[in-house]
Amino acid sequence: MNIPFLDLKAAYLELKAEIDEAILRVTNSGYYVLGPEVEQFEKDFAEYCGANYCIGVANGLDALTLSLRAMGVTQGDEVIVPSNTYIATLLAVSQCGAIPVPVEFNELTYNINPELIESAITDKTKVIIPVHLYGQPVDLDPILEIAEKYGLKVLEDAAQAHGSTYKGKKIGGHGHAVAWSFYPGKNLGALGDGGAITTNDKVLADQLRTLRNYGSAQKYINIEKGYNSRLDPIQAAILGVKLKHLNQWNARRQKIAEMYFLGLSGTNFILPEIIPEANSAWHLFVIRSKQRDKLQDYLQAHGIQSLIHYPIPPHAQCAYVTELSHLKGKLLLTENVSNEILSLPIGPHLSEESVSYIIDVLKGFS
Ligand SMILES: *Cc1c(COP(=O)(O)O)cnc(C)c1O
960 MNIPFLDLKA AYLELKAEID EAILRVTNSG YYVLGPEVEQ FEKDFAEYCG ANYCIGVANG
1020 LDALTLSLRA MGVTQGDEVI VPSNTYIATL LAVSQCGAIP VPVEFNELTY NINPELIESA
1080 ITDKTKVIIP VHLYGQPVDL DPILEIAEKY GLKVLEDAAQ AHGSTYKGKK IGGHGHAVAW
1140 SFYPGKNLGA LGDGGAITTN DKVLADQLRT LRNYGSAQKY INIEKGYNSR LDPIQAAILG
1200 VKLKHLNQWN ARRQKIAEMY FLGLSGTNFI LPEIIPEANS AWHLFVIRSK QRDKLQDYLQ
1260 AHGIQSLIHY PIPPHAQCAY VTELSHLKGK LLLTENVSNE ILSLPIGPHL SEESVSYIID
1320 VLKGFS
């Protein structure tokens, strides 16, 4: 058996006819930047998320950066982030000249620990960025309460949470703004880069539309120093096709997660925990083992590709050596857990036979 971590080509082939038709519709339309395809996808995705507005941008990093800019984050401000996220969450903060303040997480859900947030707040704090890591929504209500108490904004990083729900409602409209990535490997992925922001705040939405387009709402009138960060219409058309299949594809992921839970219960691997308030989109299925590296080699020897999300926490990266190296050795949970986590294959095109095989191989590990 040879099992890739994620089969992106199979995802394309399942929808090939619809996707090819959507691409041709754009090439034939004469609109190649913004225009009707982007507007249609923004409308569809806002509706899917239960949010009032959606603004398509070039990628997930820009979705975060532009949101922070629109929230007024600037030089010297502090932004609270989880310590175990993908580095993009922190880079967005740095791009605004602000300082990311990493806070540790709950070791079973892997999401930021709301109990540790208050002590990280200073008079420079402007925004909290909860990340719905691995597809499981953060317990948002306590965080929204803290934000209200201190007059802060909440920007959700939902790059891994397309279709996840919190308290029965889709992620996308809980916080002040929600940043999305459509990187190909995400649950809703383009055939290239893409991103978006959803929000219920009209003022913020208007600001974001301007920011993504050179700071201009009206051609050649520039009210601020903006970006060129627009969702490409070809990607928007492709995303529109894939959005119609998202729930069904997430259901396949859910089925695989259930098989892993059932098959791996009673083993020594630590399995993820989902809070009762949440439904995960199962972007990743992450287990823990004290012998992680040996386990990964063993799986590879049996033809099973696994990945690590993420092997080096952002504060320990070279990129943050000047700002955050004082935290090295202090975020112990983050540093220890990063040596134990392993992401198993999961995706809408992973067969149940493959999952059974992976479970059998895992059970043979000692
Ligand atoms: C993928 C991802 C991003 C960045 O998205 P891009 O589209 O690659 O810029 C940000 N945050 C998290 C948690 C991600 O997984």
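Here the sequence shown stands for residues 960 to 1325, numbered as in my numbering. Using N, Cα and C, we set each Cβ at its ideal position, and we do this for glycine too.
Where residue i falls: helix, strand or coil (DSSP)
i, result
"residue 1241", "coil"
"residue 1181", "strand"
"residue 1295", "helix"
"residue 1154", "strand"
"residue 1189", "coil"
"residue 1028", "helix"
"residue 1247", "strand"
"residue 1013", "strand"
"residue 965", "coil"
"residue 1226", "coil"
"residue 1022", "helix"
"residue 1216", "helix"
"residue 1290", "coil"
"residue 1196", "helix"
Top-ranked residue by Cα proximity to residue i, from the options
i, options, result
"residue 1108", "1115, 1094, 1081, 1245", "1081"
"residue 1236", "1167, 1197, 1123", "1123"
"residue 1203", "960, 961, 962, 978", "978"
"residue 1381", "1116, 995, 1009", "Look at the range of the chain in this structure, 960 to 1325, and you will see that residue 1381 is not part of it."
"residue 1160", "1173, 1149, 1137", "1137"
"residue 1212", "1239, 1020, 1301", "1239"
"residue 1060", "1036, 1074, 1030, 1054", "1036"
"residue 1150", "1118, 1196, 1129", "1196"
"residue 1045", "1275, 1310, 1321, 1325", "1275"
"residue 1142", "1255, 1323, 1047, 1055", "1047"
"residue 1140", "1266, 1185, 1023, 1222", "1023"
"residue 996", "1311, 1318, 1193, 1210", "1193"
"residue 1075", "984, 1319, 1290", "1290"
"residue 1079", "1106, 1028, 1299, 1119", "1106"
"residue 1183", "984, 1173, 1233, 1130", "1173"
"residue 1208", "1224, 1041, 1234, 1242", "1242"
"residue 1057", "1040, 1067, 1032", "1032"
Span of the alpha helix (DSSP H), counted from its first residue to its last, around residue i
i, result
"residue 986", "975–988"
"residue 1041", "Unbroken run through residue 1041 is the beta strand (DSSP E), 1037–1041; no alpha helix (DSSP H)."
"residue 995", "995–1008"
"residue 1115", "Careful: residue 1115 lies outside any alpha helix (DSSP H), inside the beta strand (DSSP E) at 1112–1116."
"residue 1105", "1099–1109"
"residue 1051", "1047–1054"
"residue 1162", "1161–1170"
"residue 1280", "1280–1283"
Outcome for residue i when other beta-carbon atoms lying within 10 angstroms are tallied against a minimum of 16
i, result
"residue 1330", "Here the chain covers residues 960 to 1325 and nothing more, so residue 1330 does not appear."
"residue 1358", "It is not possible to answer for residue 1358, since the shown part of the chain is limited to 960 through 1325."
"residue 1034", "exposed"
"residue 1166", "buried"
"residue 968", "exposed"
"residue 1285", "exposed"
"residue 1277", "exposed"
"residue 1153", "buried"
"residue 1077", "exposed"
"residue 1110", "exposed"
"residue 980", "exposed"
"residue 976", "exposed"
"residue 1323", "exposed"
"residue 1114", "buried"
"residue 1249", "exposed"
Own chain residues within Cβ distance below 6 Å of residue i, not counting five before or after
i, result
"residue 1175", "1181"
"residue 1306", "965"
"residue 1001", "1013, 1015"
"residue 1052", "1038, 1059"
"residue 1112", "1030, 1086, 1135"
"residue 1283", "1274"
"residue 1214", "none"
7 Å CB neighbourhood of residue i in its chain, flanking five on each side removed
i, result
"residue 1005", "1011, 1012, 1013, 1157"
"residue 970", "1307, 1308"
"residue 1220", "1230"
"residue 1125", "1096, 1099, 1133, 1236, 1237"
"residue 1316", "960"
"residue 1101", "1073"
Endpoints, the beta strand (DSSP E) within which residue i is located
i, result
"residue 1253", "First-last for residue 1253: 1251–1260, but that is the alpha helix (DSSP H), not the beta strand (DSSP E)."
"residue 1086", "1084–1087"
"residue 1317", "Looking at the DSSP string, residue 1317 is not in any beta strand (DSSP E); the run it does join, the alpha helix (DSSP H), is 1311–1322."
"residue 1300", "1300–1303"
"residue 1078", "Segment: none, residue 1078 is in no beta strand (DSSP E) and carries neither H nor E."
"residue 1062", "1058–1062"
"residue 1090", "Unbroken run through residue 1090: none, as it is neither H nor E."
"residue 1140", "1136–1140"
Other residues of its chain near residue i: CB distance less than 8 Å, five sequence neighbours each side excluded
i, result
"residue 1205", "1007, 1121, 1122, 1146, 1147"
"residue 1043", "1063, 1064, 1069, 1092, 1269, 1272, 1293, 1296, 1297"
"residue 974", "1200, 1201, 1204"
"residue 1072", "1062, 1063, 1064, 1065"
"residue 1103", "1113, 1133, 1134"
Residue i CB to nearest heavy atom of ligand 3 below 8 Å
i, result
"residue 1045", "Ligand 3 is not part of the structure shown, which contains ligand 1 as its ligands."
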